[in-house]
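Engineer:
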Amino acid sequence: MRRLFGRRRQLPTTPAPGRTGPTASPDTDGSPSGDGGPVGGGLDRLLAAALDVVPAGVVIFDRDARVVARNAAATGLADARHGDALVAAAVDELLADALAGRVGRRELELFGPPRRVLRIEVAPAVEGTERIGAVALVRDVTEERRVEAVRRDFVANVSHELKTPVGAVSLLAETLVDAGDPAVVARLAGRLRDEALRLSAMVDDLLELSRVEAAATSEPTPVEVGEVVEQARRRVAETARQRGVDIEVRPVPADARVAGDRAQLVSAVFNLLDNAVKYSGAGSRVEVRVAVGGGRVAVAVQDEGIGIPAAARDRIFERFYRVDRARSRATGGTGLGLSIVRHVVTGHGGEVTVSSREGEGSTFSIVLPALDVPGGAGPGGDAGPTESAPARREGTA
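The number in the numbering used here is simply the position in the sequence shown, starting from 1, with 2 added.
#1: Taking the continuous alpha helix (DSSP H) assigned at leucine 139, which residues delimit it?
#2: Let me know if arginine 329 comes out buried or exposed under the rule of 16 or more other beta-carbons within 10 Å of its beta-carbon.
#3: Please classify proline 311 as buried or exposed, where buried requires at least 16 other C-beta atoms within 10 Å of its C-beta.
#4: Drop a sphere of 10 angstroms on the beta-carbon of glycine 59, count the other beta-carbons inside from all chains shown, and report buried for 16 or more, exposed for fewer.
#5: Give the DSSP bridge partners of phenylalanine 63, in chain order.
#6: In angstroms with no decimal places, state the Cα-to-Cα distance between arginine 148 and glutamate 129.
#7: Taking the alpha carbon of aspartate 99 as the reference point, which residue from Arg236, Glu123 and Pro116 has its own alpha carbon closest?
#8: Among Glu95, Val119 and Glu229, which has the Cα closest to the Cα of glutamate 111?
#9: Please report the straight-line C-alpha distance between glycine 246 and glutamate 289, rounded to a whole angstrom.
#10: Rounded to whole angstroms, what's the CA-CA distance from alanine 76 to leucine 201? Just pull it up for me.
#11: For a quick check, are the C-beta atoms of valine 294 and aspartate 248 less than 8 Å apart?
#12: Suppose the cutoff is 7 Å on Cβ atoms and the five residues either side in sequence are ignored; what does the same chain contact list for serine 341 look like?
#13: Using a threshold of 8 Å, state whether the C-beta atoms of alanine 125 and valine 105 are closer than that.
#14: If you measure between the beta carbons of valine 187 and arginine 252, is that distance less than 8 Å?
#15: List, from N- to C-terminal side, the alpha helix (DSSP H) runs of 4 residues or more that fit wholly inside the segment 255-334.
#16: Hey, would you say valine 143 sits closer than 8 Å to arginine 121, going by beta carbons?
#17: Per the contact definition of three or more C-beta pairs closer than 8 Å, is the segment 230-240 in contact with the segment 173-191?
#18: First and last residue of the alpha helix (DSSP H) that includes glycine 228?
#19: In the segment 332-374, which residue ranges form an unbroken alpha helix (DSSP H) of at least 4 residues, counting only runs that do not cross its ends?
#20: Please state whether DSSP places glycine 106 in a helix, a strand or coil.
#21: Rounded to whole angstroms, what is the Cα-Cα separation between glutamate 192 and alanine 175?
#22: Mind checking glycine 339: buried by the 16 CB within 10 Å criterion, or exposed?
#23: When the distance is taken between beta carbons, is proline 224 closer than 8 Å to leucine 49?
#24: Determine which residues share a DSSP beta bridge with proline 126 and list them.
#25: Classify arginine 359: buried if its beta carbon has 16 or more other beta carbons within 10 angstroms, exposed otherwise.
#26: Quick check: what's the CA-CA separation for leucine 275 versus isoleucine 368?
#27: Comparing alpha-carbon positions, which option in Asp86, Ala203, Val303 and Val346 lies nearest serine 269?
#28: Going by CA-CA distance only, name the one from Gly309, Gly349, Ala74 and Val354 that's closest to alanine 302.
#29: Glutamate 250 lies in the beta strand (DSSP E); which residues open and close that run?
Below you can see the structure in the form of structure tokens.
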């Protein structure tokens, strides 16, 4: 089978009248280079450069199905194992239709590595009423397909997650209408309120996640990490009090500053604290530590909760993923908090990690580039970040 994409073929050229320039030459594999008319050398270079700008593989055929030229992007289509032969076979299948005046399209999945999805389109090239050849366009749509799959999964997950509280609200409302016993009415009303609050929390988290994923951040500004931690602590204080969980915040180093969106950073730390509190038992403690070093600022939230199984740690930052769905429902979790954390942190050029032991608790750490922090051993260095002083006990906030 002929190779369409392995070596680049230049556009054929002949000198314009009265000028000297490159002359038409056989193609690199010995086939004729086509019957194109006079084209000036400068124009030929311009056309070749223009084709190279196209973010897709372009292959030009003459009326006899011979390859005339291709752009630079086409040479990268053979990177996957057997990719050249598979794409060439797909193009050949569509080429006959294109030379007969019909546009042919198909998608081809290459299992690689790397695994890719290519969209192939071959269209006739027409001059007036005469078909003079065909053009094949091969685009890598792997990322498009991935985004589409994520979108489909997201819609399916949202539909499923919203269906449960909406169904519960509807059922409780119907039961409440027929309830005559004041005690039953009070109990149903309380459950109705809980489901409504859960639904409201899910909508709020969906909106927050949408804003974060859209990267709708304001111009980065200097942010005091201590203020971020304190604001997040205040937001979760009532939940901690109701659950009997103590929050301890160690004194934050004065040079703990980052550049970013303050509101988003507060949201990230709040979600870590909220997650820690909800999965901790009464009488337990959640500790927050801030460390600076190596040009980075680390915020660690440690709890004494149920811990995370090793098999689940790679998935806990996925939307709607819950380690224990029954417990999450009881605590009012939406399954979106950690996904929000990940998107905020990566959007600020940082990373979020987790270490955990089942039955002993978990530690989530956010590491961000520091702002105006003197050099020193940082996270992952010999000395690590400089940790804050002994903890300041906030009690039940």
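Ideal Cβ positions, reconstructed from N, Cα and C, are used throughout, including at glycine.
Only a predicted model underlies this, so the values are computations on that prediction, with no experimental measurement involved.
Structural biologist: The relevant details are as follows:
#1: Boundaries around leucine 139 are those of the beta strand (DSSP E), 132-142, since no alpha helix (DSSP H) includes it.
#2: Caution applies to arginine 329, whose pLDDT of 48 falls short of 50 and renders its modelled position unreliable; the value that the coordinates give is listed next. The residue in question, arginine 329, is exposed, as its Cβ has fewer than 16 Cβ neighbours within 10 Å.
#3: exposed
#4: buried
#5: Val69 and Ala136
#6: Straight-line Cα distance between these residues: approximately 38 Å.
#7: Glu123
#8: Val119
#9: 14 Å
#10: 50 Å
#11: no
#12: The residues are Leu211, Phe319, Glu320 and Arg321.
#13: yes
#14: no
#15: 264-280 and 327-333
#16: Arginine 121 sits close to valine 143, with the two beta carbons spaced by under 8 Å.
#17: no
#18: For glycine 228, the enclosing alpha helix (DSSP H) stretches over residues 227-245.
#19: 339-349
#20: Looking at glycine 106 - three-state DSSP - the assignment turns out to be strand.
#21: Correcting the residue identity first, residue 192 is glycine in this sequence and not glutamate. Approximately 11 Å, taken between the alpha carbons.
#22: buried
#23: no
#24: Ala136
#25: exposed
#26: 12 Å
#27: Val346
#28: With distances taken between Cα atoms, alanine 302 lies closest to Val354.
#29: In the DSSP annotation of this structure, the continuous segment of the beta strand (DSSP E) that includes glutamate 250 starts and ends at 248-251.
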